[in-house]
């Protein structure tokens, strides 16, 4: 094989190039693969850290994003940018959310993203429209597109997130039945494929739907089970949220003391929570539980304690906190203090648009202001807020009526699902019993057939055994005769080859010096051709390639169409020059003439 490559100059060059390329791939591919594996490990660790401690993870991700941008690695830059989008989402930071969302888009345009990255981006865009600019219809389009794409490519994590967000949108519209259907379609798949956090999230959302439509007794076991599950896997935030949801259900079901006891026990979990809005939510729930149990001084004490923490919480939670405080102050007969507190909430509401607050919030504020202005004998303003209260109450009554309809519909749907499940179970049992009987009959038939086949086989075996022994003896005799003939033939062939070898040795001895001289001249000539080819490759071929690369690097720097057209013209000229040079080299090789750097220019001018 090596002699063949040495005799054929072109094939030998290709063989060398292949070997060099293989070595380069081994040398450079291994470190790149290791680097990608290291980056992927860091990326997965940061995703976990964002869930537990986004504040600590943020500077790490920013540093990695800057490094990726410096190295012009758009693939990893896009991944790190979308992590910062999620951090901004968790920290309720609309400004940075918008900045990093557009940075993600910018890097994804430069890098052909994976289908999973596209799904994640659509989900984040949907979240932006849902929670930042309050355009639920636009959010619905992105979530639905992400859900369909994730289902098509089998990306369960993306399908899980998108379906959950679609259920949130349905709940916001009051379509609790549709929201429950969406979540129940995920239930079986989540039990099989979901990680602990996804499993917890799904059951929490199902419980939240029951809570929203007033199925308190049905929701309590779901949140209680989720609380135990979160404690088992070490999810502190999720455990606290499950406890707060369970306490809300207990309050709705009028198990007031049990709800208060549950929340007081959960206070030790706050030490493991770092997110301000969750701490605020817990203290709001605790203050509400004290108030429901008519421990108004304790409720006010909790609210004051929460205010003294000076944590940064969303405006919606601040409003809820102040409304709770105003209601407690009213129960404590401090109407003027309650009036001052509720005026701050009203000012906050005036700053928001209609999409940024719910009807229940305005209803509570107008009710308290109506009472406080009446207490101050300012009947004109009391009448004004009484009218607002009536208007809002009518809207709330319609919402409650719709909720009752959905409640009845959901009850009917759940009952129908239970009946279908019972029917499926009954059919399954009947089918299993029928299958067992069929399997028994089939087994007996198979045993009979196997027994019959064994008997027939034994008879045939005995019958053919004698014939086989006889034919075996005949084959042995024939085989011995064939072996003798083959040995005679082999001896004849060996004699012929020996005579031919002697003649060949004699001929080689006679022409040995001549062959050595010819081979030496051929090797010298080929070495000269290799040197000439190396010079042409280093000087003639490299020059237009370098000019092409330089023009390619200059192209993005120019902005005007005229300058870009000039660059394209130069690129075309250099490409044509390179094509002529390659054709000249090919012409020289095809004509079996030695490569000559001086003759190459003459050949080039022919094209």
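Residue numbers (the numbering used here): 365 to 971.
Ideal placement from N, C-alpha and C gives every residue a C-beta, glycine not left out.
With a 10 Å radius around its C-beta and 16 neighbouring C-beta atoms as the bar for buried, classify residue i as buried or exposed.
| i | result |
| --- | --- |
| residue 842 | exposed |
| residue 910 | exposed |
| residue 381 | With a pLDDT of 49 at residue 381, under the threshold of 50, the modelled position of this residue cannot be trusted, and the question is left open. |
| residue 967 | buried |
| residue 654 | buried |
| residue 920 | exposed |
| residue 875 | exposed |
| residue 481 | buried |
| residue 873 | exposed |
| residue 332 | The chain is shown from 365 up to 971; residue 332 falls before or after that span and cannot be answered. |
| residue 425 | buried |
| residue 703 | buried |
| residue 427 | exposed |
| residue 541 | buried |
| residue 922 | exposed |
| residue 821 | exposed |
| residue 422 | buried |
| residue 598 | exposed |
| residue 418 | buried |
| residue 949 | buried |
| residue 579 | buried |
| residue 812 | exposed |
| residue 731 | buried |
| residue 565 | buried |
| residue 685 | buried |
| residue 681 | buried |
Quick one: give me the first and last residue of the alpha helix (DSSP H) that residue i is part of.
| i | result |
| --- | --- |
| residue 491 | 479-491 |
| residue 545 | 540-557 |
| residue 637 | Here residue 637 belongs to no alpha helix (DSSP H), and DSSP marks it neither H nor E. |
| residue 510 | 500-517 |
| residue 924 | Here residue 924 belongs to no alpha helix (DSSP H), and DSSP marks it neither H nor E. |
| residue 531 | 520-536 |
| residue 569 | 560-576 |
| residue 900 | No alpha helix (DSSP H) contains residue 900, which DSSP labels as neither H nor E. |
| residue 616 | 600-616 |
| residue 630 | Neither: residue 630 is in no alpha helix (DSSP H) and is coded neither H nor E. |
| residue 595 | 580-597 |
| residue 434 | 418-434 |
Under the assumption that residue i contacts residue j (Cβ atoms under 8 Å), give the Cβ distance between them as a whole number of angstroms.
| i | j | result |
| --- | --- | --- |
| residue 447 | residue 411 | 7 Å |
| residue 609 | residue 571 | 6 Å |
| residue 517 | residue 479 | 5 Å |
| residue 934 | residue 915 | 5 Å |
| residue 942 | residue 908 | 4 Å |
| residue 688 | residue 652 | 6 Å |
| residue 613 | residue 587 | 6 Å |
| residue 604 | residue 642 | 7 Å |
| residue 569 | residue 533 | 12 Å between Cβ atoms; not a contact. |
| residue 737 | residue 745 | 4 Å |
| residue 524 | residue 558 | 7 Å |
| residue 912 | residue 939 | 7 Å |
| residue 677 | residue 638 | That belief does not hold up - the Cβ atoms of residue 677 and residue 638 are roughly 13 Å apart, past 8 Å. |
| residue 627 | residue 607 | 7 Å |
| residue 498 | residue 530 | Actually they do not touch by this definition, with Cβ atoms about 17 Å apart. |
| residue 406 | residue 451 | The Cβ separation is near 15 Å, so there is no contact. |
Extract the residue ranges of the alpha helix (DSSP H) inside the region 640-710, only unbroken runs of 4 or more that lie entirely within it. Every unbroken stretch of the alpha helix (DSSP H) spanning 4 or more residues and falling wholly within the region 640-710 is given here in chain order: 640-656, 660-672, 679-695.
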